[in-house]
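Undergrad: Residue numbers (the numbering used here), protein chains in the order written: chain A, 1227 to 1636; chain D, 1227 to 1636. Just so you know, even glycine gets a beta-carbon here, dropped at the ideal spot from N, CA and C. Fair warning: this is a prediction, and the values are worked out from it, not measured in the lab. Okay, handing you the structure first.
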């Protein structure tokens, strides 16, 4: 049986426990929703102030060069690259995840012009499915998008398949897919592989280089703590740069943007995927938030994530046997950094927990999600969260209509 | 002859002169580059702080609903609508100008599927040309994009033309086009009309309703002062809503985003054009910056803009006869809110002026641009700016190689 003192001892021994001080957290609240929106870091707040009060206020238009604004998408990309196992010059930060997916899908379908099928996961996040269908409709040839059960991937792969797009960690269940094995399967079929890292970056160790990934994109506002609607990141393997075309080009991706040439000629490297002037204030928040990663390795983060989620699963099953179905895989190699618990009354449970200061979220029809961000979630938080879940369940307060009645949710 | 005292008297009499106090400006500097990047407003800075330190820090993920984040694109759109003469429910704020153009172009070409020509202006901003060509390539049928001399528009209009895309105020010359007349011409030919308001919004009076404009988009970082790379705005006339399809759809544009449905079904109204989670911090800066517009009418702003640019042209021609070619039209109905002066050594002149505290900018090959934002530019600033231009020209300091030697410019 796990005691609170055991948890406190684990926090004491935790090599990265001091990083929690870099975050602004509400006292008394246990934040287990960093898989939806990461909290404010002191550095993010400081960097935004600096950009507004110094770079913008004093430097004005001169700061595009003098403060390095123009280069921020690639500068931040290089800083983010190690978190996904990429090389410098392979990552860009800008736009949103969906726009980056549009760019990758549009470009990739051009590269496999003799193939007409795109495979994705029927359980994928819905924006991913909408954008792949939209870009397939504009591929310039008839395309078929198949949203399949991912277990059927091997069967569906053929020499008709141009592109496979999968989300590495399932947003509902928290299941992590075998990036290396699947990428190899896809390549063996002659197709290109695009990974969505929305629930992976900053949550699990990623090795795009070792896994031979072609393309990837992810968002900046979950485990990377870049703020609500933060810019996203884009990965294009070095071998595809100069080959993959940006289907949504803009002047800042031109080889000579200030020559104002009528004909588009892409810049070298990742700069070719820049469309518009970067959103400098939004990038400042993400840039600040990335500073904390200089003080932790992804190996440390991953080890703690697994320990936290193991402990959460054990405590929930010990204290509330049979109450929830643990949807997230037990096997470490199949688990992201969240735990999903299934319960028919999950909606009310999450609302009641929020009132009790445990912030998780709910996904239809019956999934309670709890994200464990190792940079600021402590072992005692896991213990205390389960205590409060026990209180909510044994009191049946979640059945009170102020919790169980549906409101719009995020 | 205009004296500095005359200018001071005009400032004294100016009904909107007190709005200058809402801006943070460098003392001793005359900022005539608000047509590239508007300055910081106190309100923008305050709103960003509030979003970070209260809404994000305390509310965390709950703020998507509790603080109205989810609705910000339409909330800000409704606030911005009066500046362009639109109705509530016709404007959205999000993304970037180029992404909004992509959405409009893609959707518009679908609406005129029996036509294969797009007309645009060879003098258009280059991103506009790149994106219209990119979207035309993905229209699902062979399209021809013609970048024409805009004086040839009438001749080029035919029943082959699906869409005409023009920028309302020329980014180089500051010439303003006849929105009403051209829109009617285009409609008479059975084509759709898309206006780029990058250099118009907040600079000149706009009446999209009265001019029967179909679609428009503009950026938030010039005369709207939303900050570097601020979100853009999108206008879709009410009659096209529910008809025009968003070619880059995302979950937040779905009719029921939290049902996570596999099939995309657009939301009602402008919400259908939302793709991704809005960039809340960037929107906060723009939202703050829009507050100042509650204290000035566009008629007041336009009247002062014309007075400032008239005065600038007069002073330049009086003090430096024959030195510059005034490229910007004299006729008020053809002038935006900037004055472009042509000079073969314009690059060095602008650099020298920046050192002397007059911030304008240069556009290849020989255009010196000076933007006059009536909310913070005073009549005495016009007088003083011309004084410094006279000093720079008579001293020939602009020929010093520290000014004349080319560096990357914005």
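Quick one, which of 1507(D), 1532(D), 1383(D) has its alpha-carbon nearest residue 1414(D)'s?
TA: Checking every option, the nearest Cα to that of residue 1414(D) belongs to 1383(D).
Undergrad: Does chain D have any CB closer than 9 Å to the CB of residue 1250(A)?
TA: With 9 Å as the cut-off, residue 1250(A) counts as an interface residue toward chain D.
Undergrad: Could you give the distance in angstroms between the alpha-carbon of residue 1632(D) and the alpha-carbon of residue 1350(D)?
TA: Rounded to the nearest angstrom, the two C-alpha atoms are 24 Å apart.
Undergrad: So, using beta-carbon positions, are residue 1450(D) and residue 1532(D) closer together than 9 Å?
TA: No.
Undergrad: How should residue 1559(D) be labelled, buried or exposed, when 16 other C-beta atoms within 10 angstroms of its C-beta is the threshold for buried?
TA: With fewer than 16 Cβ atoms within 10 Å of its Cβ, residue 1559(D) is classed as exposed.
Undergrad: What residue range is occupied by the uninterrupted alpha helix (DSSP H) comprising residue 1410(A)?
TA: Element bounds for residue 1410(A): 1405-1414.
Undergrad: May I have the straight-line CA-CA distance separating residue 1569(A) from residue 1595(A), to the nearest angstrom?
TA: Answer to the nearest angstrom: the Cα atoms are 11 Å apart.
Undergrad: Give me the Cα-Cα distance between residue 1311(D) and residue 1300(D), rounded to the nearest whole angstrom.
TA: Approximately 16 Å between the Cα atoms of the pair.
Undergrad: Going by other Cβ atoms of all chains shown within 10 Å of its Cβ, with 16 needed for buried, is residue 1279(D) buried or exposed?
TA: By the neighbour-count rule (16 or more Cβ atoms within 10 Å), residue 1279(D) is not buried but exposed.
Undergrad: Any C-beta of chain D within less than 7 Å: which residues of the stretch 1459-1476 of chain A qualify?
TA: Within the stretch 1459-1476 of chain A, the qualifying residues are 1473, 1474, 1475, 1476.
Undergrad: When you check each C-beta in the stretch 1497-1519 of chain A against every C-beta of chain D, which residues fall closer than 9 Å?
TA: Answer set for the stretch 1497-1519 of chain A: 1501, 1502, 1503, 1504, 1505, 1506, 1507, 1508, 1509, 1510, 1511.
Undergrad: Residue range of the alpha helix (DSSP H) that residue 1516(D) falls in?
TA: Unbroken alpha helix (DSSP H) run through residue 1516(D): 1506-1516.
Undergrad: Could you name the residues that DSSP lists as bridge partners for residue 1430(A)?
TA: DSSP output for residue 1430(A) lists no bridge partner at all.
Undergrad: Would the stretch 1341-1355 of chain D count as touching the stretch 1522-1530 of chain A if we require 3 or more Cβ pairs under 8 Å?
TA: At 8 Å Cβ cutoff, the stretches do not touch.
Undergrad: When you compare only the Cα positions, how much space is there between residue 1479(D) and residue 1355(A)?
TA: In a straight line, the C-alpha of residue 1479(D) is about 13 Å away from that of residue 1355(A).
Undergrad: Determine the direct distance from the alpha carbon of residue 1309(A) to that of residue 1431(A), and round the result to whole angstroms.
TA: Rounded to the nearest angstrom, the two C-alpha atoms are 7 Å apart.
Undergrad: Using 9 Å as the limit for Cβ to Cβ distance, is residue 1604(D) near chain A?
TA: So no, residue 1604(D) is outside the interface.
Undergrad: Should residue 1232(A) go down as buried or exposed, given a rule of 16 or more other Cβ atoms within 10 Å for buried?
TA: Its Cβ having fewer than 16 others within 10 Å, residue 1232(A) is exposed.
Undergrad: Below 7 Å CB to CB, which residues in the same chain sit around residue 1306(A) once its five sequence neighbours on both sides are set aside?
TA: Hits under 7 Å: 1317, 1319, 1459, 1516.
Undergrad: Quick one: is residue 1635(D) near chain A, going by C-beta distance under 9 Å?
TA: Because the pLDDT of residue 1635(D) is 48, which lies under 50, any placement of that residue in the model is unreliable, and the number read from its coordinates should be weighed accordingly. Judged by the 9 Å Cβ criterion, residue 1635(D) is in contact with chain A.
Undergrad: Roughly how many whole angstroms lie between the Cα atoms of residue 1635(D) and residue 1571(D)?
TA: Because the pLDDT of residue 1635(D) is 48, which lies under 50, any placement of that residue in the model is unreliable, and the number read from its coordinates should be weighed accordingly. Computed Cα separation, rounded: 15 Å.
Undergrad: For the alpha helix (DSSP H) holding residue 1481(A), just list the boundary residues, first then last.
TA: It is not in any alpha helix (DSSP H) - residue 1481(A) carries neither H nor E in the DSSP assignment.
Undergrad: Exposed or buried, residue 1503(D), counting other C-beta atoms within 10 Å across all chains shown (16 or more means buried)?
TA: By the 10 Å Cβ count, residue 1503(D) comes out buried.
Undergrad: Between residue 1553(D) and residue 1567(D), what straight-line distance do the alpha-carbon atoms span, to the nearest angstrom?
TA: Whole-angstrom Cα-Cα distance: 6 Å.
Undergrad: Checking 9 Å against the spacing of the C-beta atoms, do residue 1505(D) and residue 1456(A) come in under that value?
TA: Their beta carbons are under 9 Å apart, which means residue 1505(D) touches residue 1456(A) by this criterion.
Undergrad: Please confirm if residue 1396(D) has its CB atom under 9 Å from at least one CB of chain A.
TA: No - not a single Cβ of chain A is within 9 Å of the one on residue 1396(D).
Undergrad: Can you pull the chain A residues whose beta carbon is under 7 Å from the beta carbon of residue 1284(D), in chain order?
TA: In chain order: 1252.
Undergrad: Rounded C-beta distance between residue 1285(D) and residue 1293(D)? I'm assuming under 8 Å.
TA: Residue 1285(D) to residue 1293(D), Cβ: 6 Å. Contact.
Undergrad: Helix, strand or coil, according to DSSP, for residue 1234(A) in the structure here?
TA: If DSSP states are grouped into helix, strand and coil, residue 1234(A) belongs with the helices.
Undergrad: Any idea what DSSP makes of residue 1318(D), helix, strand or coil?
TA: Note: residue 1318(D) maps to strand in three-state DSSP.
Undergrad: Against residue 1485(D), what residues of chain A qualify as contacts under a CB-to-CB distance less than 8 Å, listed in chain order?
TA: Going along chain A in sequence order, the residues near residue 1485(D) (Cβ under 8 Å) are 1590.
Undergrad: Going along chain D in order, which residues have a C-beta closer than 9 Å to the C-beta of residue 1373(A)?
TA: Neighbours of residue 1373(A) on chain D, chain order: 1488.
Undergrad: Compare the beta carbon distance of residue 1406(A) and residue 1453(A) with 9 Å and say whether it is the shorter of the two.
TA: No. Outside cutoff.
Undergrad: Between which two residues does the beta strand (DSSP E) carrying residue 1209(D) extend?
TA: Since the displayed chain D opens at 1227 and closes at 1636, residue 1209(D) lies outside it and no answer follows.
Undergrad: Under 8 Å between beta-carbons, which chain D residues line up against residue 1569(A)? List them in chain order, please.
TA: Per Cβ cutoff of 8 Å: no residues; residue 1569(A) is ~18 Å from chain D at best.
Undergrad: Report buried or exposed for residue 1620(D), applying the criterion of at least 16 other Cβ atoms within 10 angstroms of its Cβ.
TA: Label assigned to residue 1620(D): exposed.
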